[in-house]
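Below is one structure, written out as structure tokens, with a few remarks after it.
Protein chains in written order, with the working numbering: chain B, 86 to 416; chain V, 133 to 529.
What follows is the structure, given as structure tokens:
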């Protein structure tokens with residue numbers, strides 16, 4: 086495999102922070118409560134009346150974050166990660182089926198309920214015939230999409246890609262997630278979208294370079310750490326501690342191998358949902374681009390020079406992910 | 133020269149049987165697996181389906197799962213197909229930590245969710261069962277029957293999920309991350325998507341007739357299949373046999389409509405063309421196409437247009453084996469890949485059941501009278517909602 090450079094040329098988010106903005110760096114919105122919906126932009130500024138009528142929250146957010154990250158560029162491929170896809174539509178069709186029976190069903194909810202609705206909608210709206218794929222792998226959904234792009238960019242099969250992580254959390258979904266995944270003292274259950282535009286050439290000023298990543302067996306920190314050897318000496322580590330004891334214990338054990346390295350707990354900024362790692366990675370790219378870390382409550386640590394960020398993610402199950410972002414060399 | 137990607141194992145469970153041997157016999161004999169519903173809990177008994185011929189209980193017994201344990205049908209079928217694939221490739225449990233598992237599914241464990249959802253809506257049920265059955269959980273549960281893989285991920289591009297899983301698997305090997313990847317998909321019938329397809333009015337009340345003038349829709353099917361993809365040098369080193377080469381892959385987006393295909397088959401055309409280009413082959417080199425061929429008026433027009441555009445006068449024999457299995461949705465890409473491999477290995481052309489009358493612009497598919505030929509290079513198409521169209525090209529060793 087030729088070691089092609091991979092640059093992040095664009096990144097955008099809609100989440101519980103100010104939408105389509107990096108104001109969370111200086112003025113983070115504090116997160117309170119157990120469940121928070123995203124702060125949406127003024128949709129009419131971005132989408133037509135027809136689009137608004139047809140699209141639920143996840144599709145609207147996917148559209149605007151994709152457009153903002155691309156900023157007019159046309160990607161050769163679109164990779165999408167989502168834990169539950171258009172769950173609002175899925176719940177609607179399932180509720181109709183369970184309450185009204187099998188006779189009088191409208192296809193509207195079903196048509197948008199497949200996970201690939203999000204990624205294919207972006208392609209339909211932008212008339213993009215390129216490679217298009219969607220992953221649904223719980224808390225590693227976004228990294229699965231990113232790995233697909235990473236591998237194809239490295240191989241030179243593609244030269245640019247739009248990679249998105251999108252999830253919507255309806256009240257019903259929250260009830261289910263809260264039942265199994267939330268315990269006292271955790272960050273709130275939230276929702277959101279983030280999109281990155283990756284390219285193997287710095288056609289415009291890159292935010293940073295993606296220099297390595299992987300999805301590996303890593304429930305045991307001792308199993309995970311050897312994979313990070315190439316990520317030696319990060320200036321800061323972006324971690325997914327969320328206040329759940331079992332989750333945080335894994336991070337604490339991994340972080341022991343990095344004494345003195347500041348840690349940014351990105352879920353303190355963005356909350357918890359399946360594809361929140363997309364927000365963490367968006368934040369890493371944004372911090373490198375702006376050369377600074379957010380103020381408290383999330384980190385508050387001064388770093389002399391911000392050149393390299395190690396991102397790590399493990400929520401449950403046997404697998405964990407890592408990604409390394411660096412200031413591009415030679416600048 | 134770059135290492136080739138070999139197919140060193142395959143496993144299949146579909147409406148025409150468990151295992152490659154049985155599936156092959158049924159294909160050669162022209163005995164389809166579409167019939168009245170036996171297991172799916174639906175009031176619409178008038179729609180034939182392609183069901184895997186085992187109840188959940190029977191599959192649990194085959195897998196030594198305690199009867200009381202909740203395991204989605206998608207995972208049960210997946211585990212049985214995976215078992216055959218690993219045995220076929222001679223991959224032991226000890227090797228799995230160095231092997232990736234890429235599975236395609238869309239409805240995942242919806243069969244379990246939809247059973248509990250009414251209780252959940254009424255506030256009386258065990259909510260805990262619901263989140264356990266997303267796509268990821270099904271893949272991990274399927275994999276857990278075999279052992280501990282080095283990586284697991286789930287592709288969810290509706291009816292092309294398994295095909296795209298195979299493409300990712302191929303790229304993971306090319307990129308040097310793994311020497312072996314087990315890729316494919318699994319999908320059970322559920323009330324959810326059965327009623328979804330019915331509400332879209334694309335289910336036929338008769339056995340489906342892909343590419344026929346009288347076709348009136350698809351029959352839903354279910355099943356699972358996995359291929360073992362392996363770097364040639366790694367296969368040689370461990371002395372593994374292979375049945376074929378994965379010589380090209382194409383993935384393109386039709387970018388036309390969420391649930392309809394474009395009239396000119398742009399996505400399908402691009403996907404097949406990309407697979408040919410990757411393999412460095414001219415269209416005339418293709419000896420058989422296993423079409424997506426759902427039997428809906430829309431798909432068969434669009435896919436025929438794409439095939440005519442790409443192959444012109446040299447259209448190779450085409451058939452849709454969905455006439456045997458029904459549309460096995462997320463698993464169709466891998467189920468039909470295994471069918472292609474069997475056809476290549478045993479040297480037969482799978483027929484297109486139910487076809488009698490051509491339609492204008494439509495391909496004339498393989499029927500029992502079509503003369504046989506040696507199959508050197510075959511294309512396998514899988515298209516999906518959202519226009520996620522993929523095509524896989526398999527070649528003889």
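Note that CB positions come from ideal geometry on N, CA and C, so glycine has one too. Bear in mind that the values here come from a model prediction, so they are computed numbers and not experimental data.
- For residue 208 of chain B, the closest alpha carbon among the candidates V:527, V:403, V:520, V:207 is that of V:520.
- A Cβ-Cβ distance of about 28 Å is found for the pair residue 273 of chain B and residue 341 of chain B, leaving them out of contact under the 8 Å criterion.
- Straight across, the Cα-Cα distance linking residue 292 of chain B with residue 93 of chain B is about 6 Å.
- The straight-line gap separating the alpha-carbon atoms of residue 126 of chain B and residue 99 of chain B is approximately 8 Å.
- CA-CA distance, residue 169 of chain B to residue 129 of chain B, rounds to 26 Å.
- Here DSSP, grouped into helix, strand and coil, assigns residue 102 of chain B to coil.
- Considered as a whole, the stretch 293-371 of chain B harbours 306-309, 330-340, 352-355 as its complete alpha helix (DSSP H) runs of no fewer than 4 residues, in chain order.
- Classified as exposed, residue 159 of chain B has fewer than 16 neighbouring CB atoms from the shown chains inside 10 Å of its CB.
- At least one CB atom of chain B sits nearer than 9 Å to the CB of residue 387 of chain V.
- Ranked by Cα distance from residue 158 of chain V, the options V:511, V:221, V:475 are led by V:475.
- Listed in chain order, the positions of the stretch 169-189 of chain B with a beta carbon within less than 8 Å of a beta carbon of chain V are 169, 170, 178, 179, 180, 182, 183, 184, 186, 187, 188.
- When DSSP states are grouped into helix, strand and coil, residue 189 of chain B belongs to the coil group.
- From the beta-carbon of residue 216 of chain B, the residues of chain V found nearer than 8 Å are 383, 384, 385.
- Minimum Cα-Cα distance from residue 355 of chain V among the listed residues V:198, V:153, V:208 corresponds to V:208.
- Counting only the Cα atoms, residue 336 of chain B lies some 13 Å from residue 346 of chain B.
- By the 16-neighbour rule on beta-carbons within 10 angstroms, residue 383 of chain V is buried.
- Residue 192 of chain B has a beta carbon lying within less than 9 Å of a beta carbon in chain V.
- Distance from the CA atom of residue 426 of chain V to the CA atom of residue 458 of chain V, rounded to whole angstroms, is 8 Å.
- Taken in chain order, the unbroken stretches of beta strand (DSSP E) that lie wholly in the stretch 208-293 of chain V and span 3 residues or more are 231-236, 283-287.
- Looking at B:320, B:372, B:393, B:397, the one whose alpha-carbon comes closest to that of residue 106 of chain B is B:372.
- Residue 247 of chain B has B:163, B:282 as its beta-bridge partners, per DSSP.
- Look at residue 451 of chain V here: in three-state DSSP terms it is strand.
- A straight line joining the alpha-carbon of residue 206 of chain V with that of residue 240 of chain V spans about 6 Å.
- Contact check for residue 290 of chain V against residue 361 of chain V fails: the beta carbons are separated by 9 Å or more.
- Membership of residue 233 of chain B in the alpha helix (DSSP H) is indicated by the continuous run 226-240.
- A residue is called buried when at least 16 other Cβ atoms come within 10 angstroms of its Cβ; residue 229 of chain V does not meet this threshold and is exposed.
- One thing to note: residue 143 of chain B has its Cβ within 9 Å of the Cβ of residue 167 of chain B.
- Nearest CB-CB separation between residue 252 of chain V and chain B: below the 9 Å threshold.
- Under DSSP, residue 506 of chain V takes part in no beta bridge, so it has no partner.
- The beta-carbon of residue 179 of chain V is placed no less than 9 Å from the nearest beta-carbon of chain B.
- Taken in chain order, the members of the stretch 319-335 of chain V whose beta-carbon sits within less than 9 Å of a beta-carbon on chain B are 323, 324, 325, 326, 327, 328, 329, 330, 331, 332, 333.
- Sequence-distant Cβ neighbours of residue 216 of chain B in its own chain, meaning closer than 6 Å and more than five residues away, are 162.
- Here the C-alpha atom of residue 175 of chain V lies approximately 40 Å from the C-alpha atom of residue 281 of chain V.
- At least one beta carbon of chain V lies nearer than 9 Å to the beta carbon of residue 163 of chain B.
- Collapsing the DSSP output to three states places residue 263 of chain B in a helix.
- Residue-level contact by beta carbon fails for residue 396 of chain B and chain V, as no gap is shorter than 9 Å.
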